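Engineer: Take this structure first; my questions come after.
Chains as they are written, first to last, in our numbering: chain A, 67 to 299; chain B, 8 to 126.
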């Protein structure tokens with residue numbers, strides 16, 4: 067019998083008790099169909115003050131608890147460090163607010179299994195049926211341009227939270243930014259470590275809940291300032 | 008030429024400079040300030056003291072830089088220095104944030120492993 071691949075799904079979560087149970091249940095349903103994988107779900111509870119950790123534990127997820135909130139970047143780094151520790155063959159990061167469709171998982175990991183990519187980005191702009199709010203669309207496009215301007219990597223969705231990493235990428239990527247600017251920093255790491263990256267179309271659900279929880283539109287300016295500061299130091 | 012008769016404003020500034028220099032020395036002695044920082048601040052305050060006692064020195068540099076008055080040159084240089092120091096402080100805060108995150112991560116990974124072993 068061939069050795070099963072070690073797959074780790076990382077869900078950074080901050081006060082998601084309301085929805086994370088459903089997200090984990092859906093994810094587990096999809097993962098039960100992945101027969102060639104030994105899969106684990108790790109929730110990075112980023113200093114939540116609601117019952118996110120308890121709900122995640124109840125759903126048999128591994129919970130890594132940040133004693134204080136460190137932001138998306140801090141949580142992603144913890145997730146990647148965990149994947150490194152556990153010698154994961156593939157690691158996937160997803161939003162924990164139910165924005166991503168777990169049925170896209172196969173699409174995300176296929177390029178890694180076929181050795182065509184080290185990093186796979188799920189792009190919401192590659193599917194025409196995604197209903198992205200207009201202002202959000204403009205901000206995301208500007209973020210893509212800035213990512214290109216700062217790091218010379220062109221992507222159709224620099225702020226996507228749905229990503230898959232090969233073992234090589236897990237080992238090489240070292241993120242340093244703490245908050246939302248991590249999404250752009252990732253492309254700097256792809257370029258620096260000469261990793262092959264591919265984009266695949268994904269479905270996103272913009273619910274009232276996810277819009278309230280996700281990046282605010284004004285956050286883009288803050289992200290830019292932080293990135294410039296990081297480059298200048 | 009150094010003027011030995013001090014104006015009240017010069018006296019106040021000199022008292023402040025002695026106070027500032029004593030703070031630099033104390034922070035250096037307790038280890039909060041490194042040798043580089045100590046020399047930088049001592050250099051700044053000594054230069055300031057020299058400029059207060061000898062205003063001609065400032066006018067000379069102001070003329071050399073193409074600025075009308077010595078006081079203007081000081082204001083311009085101070086603004087540049089302040090901006091630079093704010094930049095450095097920002098970087099320092101970012102570094103501190105990073106270190107805190109590393110600590111938080113270490114605790115999270117250790118606790119996660121312990122929990123697993125305990126199950």
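Even glycine gets a Cβ: it sits at the ideal position worked out from N, Cα and C. All values reported here derive from a predicted model rather than from experimental measurement.
Could you tell me whether the Cβ atoms of residue 107/A and residue 145/A are closer together than 8 Å?
Structural biologist: Not closer than 8 Å, so no.
Engineer: Using a C-beta cutoff of 8 Å, does residue 31/B count as contacting chain A?
Structural biologist: No, its Cβ sits nowhere closer than 8 Å to a Cβ of chain A.
Engineer: Please tell me whether residue 88/B has its Cβ less than 8 Å away from any Cβ of chain A.
Structural biologist: Taking Cβ atoms only, chain A never reaches closer than 8 Å to residue 88/B, which makes this a no.
Engineer: Using Cβ-Cβ distances below 8 Å, what residues of the segment 101–121 of chain B are close to chain A?
Structural biologist: Cβ contacts with chain A: 101, 104, 105, 107, 108, 111, 112, 114, 115, 116, 118 and 119.
Engineer: What runs of the beta strand (DSSP E), each 3 residues or longer, lie entirely inside the segment 170–224 of chain A?
Structural biologist: You should have 185–189.
Engineer: Label residue 256/A either buried or exposed according to how many other C-beta atoms from any shown protein chain fall within 10 Å of its C-beta, with 16 as the threshold for buried.
Structural biologist: Classification for residue 256/A: buried.
Engineer: Beta-carbon of residue 213/A versus every beta-carbon of chain D: anything under 8 Å?
Structural biologist: Absent here is chain D; the protein component of the structure consists of chains A and B.
Engineer: Hey, could you find the ends of the alpha helix (DSSP H) residue 15/B is sitting in?
Structural biologist: 15–36 is the extent of the alpha helix (DSSP H) around residue 15/B.
Engineer: Quick one: which unbroken alpha helix (DSSP H) runs of 4-plus residues sit fully inside the segment 51–120 of chain B? Chain order, please.
Structural biologist: With a minimum length of 4 residues, the continuous alpha helix (DSSP H) runs that stay inside the segment 51–120 of chain B are 62–72.
Engineer: Measuring only between beta-carbons, confirm whether residue 133/A sits less than 8 Å from chain B.
Structural biologist: Chain B contact via Cβ: present.
Engineer: Which ranges does the alpha helix (DSSP H) cover as unbroken runs of at least 4 residues, wholly within the segment 72–125 of chain A, from first to last along the chain?
Structural biologist: Runs of the alpha helix (DSSP H) inside the segment 72–125 of chain A: 83–97 and 118–124.
Engineer: Given a threshold of 16 other Cβ atoms within 10 Å of its Cβ, counted over all protein chains shown, does residue 95/B qualify as buried or as exposed?
Structural biologist: It counts as exposed.
Engineer: Please list, in chain order, all residues of the same chain as residue 75/B whose beta carbon is under 8 Å from its beta carbon, the five residues on each side excluded.
Structural biologist: The answer, listed in chain order, is 69.
Engineer: Ordered along the chain, which non-local residues of its own chain (more than five positions away) have a Cβ less than 7 Å from that of residue 254/A?
Structural biologist: So the list reads 217, once near-sequence residues are dropped.
Engineer: Spell out the partners DSSP gives residue 232/A in its beta bridges.
Structural biologist: Paired residue(s): 156/A.
Engineer: So residue 130/A contacts chain B; which residues on that side make the cut at Cβ distance below 9 Å?
Structural biologist: The contacting residues are 112, 115, 116, 118 and 119.
Engineer: CB-CB under 6 Å to residue 99/A, same chain, minus the five flanking residues each way: which ones, in chain order?
Structural biologist: Contacts found: none.
Engineer: Would a C-beta distance cut-off of 8 Å place residue 224/A and residue 213/A closer than the cut-off?
Structural biologist: In this structure, residue 213/A lies closer than 8 Å to residue 224/A by Cβ.
Engineer: Buried or exposed: residue 91/A, going by 16 or more other Cβ atoms within 10 Å of its Cβ?
Structural biologist: Label assigned to residue 91/A: exposed.
Engineer: Got a sec? Which residues, its chain only, sit under 6 Å from residue 73/A by beta carbon, not counting five neighbours each side?
Structural biologist: Cβ neighbours of residue 73/A beyond the five flanking positions: 103, 105 and 156.
Engineer: Any idea what DSSP makes of residue 168/A, helix, strand or coil?
Structural biologist: Helix at residue 168/A.
Engineer: Out of 243/A, 269/A and 232/A, state which residue places its alpha-carbon closest to the alpha-carbon of residue 261/A.
Structural biologist: Ranking the options by Cα distance to residue 261/A, first place goes to 232/A.
Engineer: Apart from the five residues just before and just after residue 229/A, which ones in its own chain have a Cβ nearer than 6 Å to its Cβ?
Structural biologist: Answer for residue 229/A: 159 and 187, listed in chain order.
Engineer: Using a Cβ cut-off of 8 Å (strictly closer), state whether residue 220/A contacts chain B.
Structural biologist: Answer no: the Cβ-Cβ gap between residue 220/A and chain B never drops below 8 Å.
Engineer: Check each residue of the segment 98–124 of chain A: if its Cβ is closer than 7 Å to any Cβ of chain B, include it; give the result in chain order.
Structural biologist: From the segment 98–124 of chain A, no residue has a Cβ closer than 7 Å to chain B.
Engineer: Take residue 222/A as the anchor and find which of 236/A, 245/A and 193/A has the nearest alpha-carbon.
Structural biologist: Answer by Cα proximity: 193/A.
Engineer: State yes or no: is the beta carbon of residue 147/A nearer than 8 Å to at least one beta carbon in chain B?
Structural biologist: Yes, residue 147/A counts as interfacial toward chain B.
Engineer: Near residue 173/A, what residues of its chain come up, given a Cβ to Cβ distance below 6 Å and the 5 sequence neighbours on each side ignored?
Structural biologist: If we look at residue 173/A and ignore the five residues flanking it on each side, its Cβ neighbours are 266.
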